[in-house]
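Just below is one structure, and these are the notes that go with it.
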Ligand code: LLP
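Numbering (my numbering), first residue to last: -1 to 385.
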C-alpha cells in the first residue's frame, strides 16, 4: 500500500495531479547503492536527467554521490546543489560552446566526448580559458540493450558516441591536442535494462577497447560504463529497490582492471524510479460501446512515458476496499491526443468521479519530462515527510 490511513486523510483534499515522492524509500535506495558500490571501490554519478527535483537532489548530494549531466544547465544545477565539481561528468552529443565554457569554468571531473569534432572544439575552448579539460571518449560499442528502441543507445545505427571505425583518428587528435587530456573511456548502451547479460557483453567491449588504447601506449584511468539498470515496473511494492549487488557483481567479475583503473557508473532510473508516483483523480467515467474509460486529471503532460514509449506503469486505485467489484478500464488523460492513455484494459476496483488513482514507478523521467502542452499547469509534488 502506498499510503497509510493517516496519509490518506491528509491527501484527501489535496489538489491533483501531483507527484508523490517517498523520501524514505529514496534514502534506503541510496544507502544500498552506496554500500554496494563502496564495497567494490566503484564511483556512482547520479544521472540528473532522470529527475532534478530539489529535495531529491539534496538527499542524493548529501550522500556523497557524483552527478552525471547532459546540459550546461544541469552542470550549473549540480554545482548550485553542492555536488563537488571533481565528481561531475558532462555527456551529450550536442554540447554548445556556451555549455562547454560553463563546464570548463567549474573544472568538472570529465567531459564524455561524443565525436572527434567535439573534441577539437573542447580543445580550442579550453585553450582560450588556459585550462586543460579532462575527457573520456564515449565509444559506441555496438551492444544491443534489448530494451525499447527509443532508449537503446549503443548500436551502430545510434547517434551516440564515437564509432569504433574512427577511434584511430580520435586517438591521433587527442595525442596532438594540447588542452585536452584523455582520462578514460565512456560507454552507455541504453536504459531500463533488465537482462544482466547485456552488462556482461558491455564488459567484454570495455575490456577490448581499454586494451586497444593501452596497447597503443595510452593509459586509461577511468572506465565509465554509464547507467541503464532497470526497475520493476510491474511489482513496485515487491521490488522497491533494484538488486545493486547483482548488478555491480557483473562488473566486478567481468571487467579487467588493475589498481590504475577506476570504475564509474551513471545511474538514474535505478536510483529514483520507485520513489515517485503520480497521484491523480478520476474526473469522469465513460462507457463506450466496447470500453469503459476512466478519464483522469493527469495526462501525458504530467507523465509522458506511456504515450512516448508505450511504457507500462502499474495503475492502482488508492485506498479502496477489497469488496469493490473489479472492472476493466482504459485509463486515459484529458489531453486532446489519442496517445494520451496510461493503460488499456486495466483491471481496477470499480471507480468513479473523485477517486484517487496512483500511477506507480514514476520517479524517473516523469516530472522532468512534463510539458505545458494544452497550457497545462506546472506539475505539483508532495514529499512523504509532508504527510
Ligand atoms: N548516462 C547516459 C549517457 C545516458 O544517456 C543516460 C540516460 C544515463 C546515463 C542514465 O540512464 P538510466 O540509469 O536512467 O537508465 N526518457 C527515457 C529514458 C532516457 C534515458 C536517456 N539516457 C525513459 O523514460 O525511459
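Idealized CB from N, CA, C, for every residue including glycine. The structure displayed is predicted, hence computed values, not measured ones.
Put simply, of 382, 71 and 289 the residue whose alpha carbon is nearest the alpha carbon of residue 345 is 289. By the criterion of at least three beta-carbon pairs nearer than 8 angstroms, the segment 85 to 98 is not in contact with the segment 309 to 316. Nearest Cα to residue 140 within the set 186, 15 and 341: 186. In the structure shown, the three-state DSSP call for residue 371 is helix. Sorted by position in the chain, 45, 48, 89, 149, 186, 189, 224, 225, 226, 264, 265, 266, 267, 303 and 363 make up the residues whose C-beta lies under 5 angstroms from a heavy atom of the ligand LLP. Put simply, of 191, 221 and 62 the residue whose alpha carbon is nearest the alpha carbon of residue 202 is 221.
Under the three-state reduction of DSSP output, residue 60 falls in the helix class.
The segment 331 to 345 and the segment 264 to 275 do not touch, with fewer than three beta-carbon pairs separated by less than 8 angstroms.
Put simply, the segment 286 to 303 does not touch the segment 249 to 264. Fewer than three CB pairs are less than 8 angstroms apart.
Relative to residue 211, the option among 21, 268 and 162 whose CA is nearest is 162.
The beta carbon of residue 22 lies closer than 7 angstroms to those of 382 in the same chain, with the five residues before and after it left out.
Excluding its 5 nearest sequence neighbours in each direction, residue 95 has no C-beta neighbour in its own chain below 6 angstroms. Just so you know, the alpha carbons of residue 321 and residue 5 end up roughly 22 angstroms apart.
Counting C-beta pairs closer than 8 angstroms gives three or more between the segment 164 to 177 and the segment 107 to 127, which meets the contact rule. In the structure shown, residue 358 adopts coil according to DSSP, grouped into three states.
Distances from the CA of residue 18 to each of 53, 30 and 175 were compared; the closest alpha carbon is that of 53. Apart from sequence neighbours up to five positions away, the residues of its chain that approach residue 380 with a beta-carbon distance below 6 angstroms are 16 and 18, ordered along the chain. Take the alpha-carbon of residue 239 and the one of residue 28: they are about 9 angstroms apart. Between the beta-carbon of residue 278 and that of residue 326 there is about 19 angstroms, and that puts the pair past the 8 angstroms contact cut. In this model, residue 251 and residue -1 are separated by some 37 angstroms (Cα to Cα). About 4 angstroms separates the Cβ atoms of residue 124 and residue 177, confirming a contact at the 8 angstroms cut-off.
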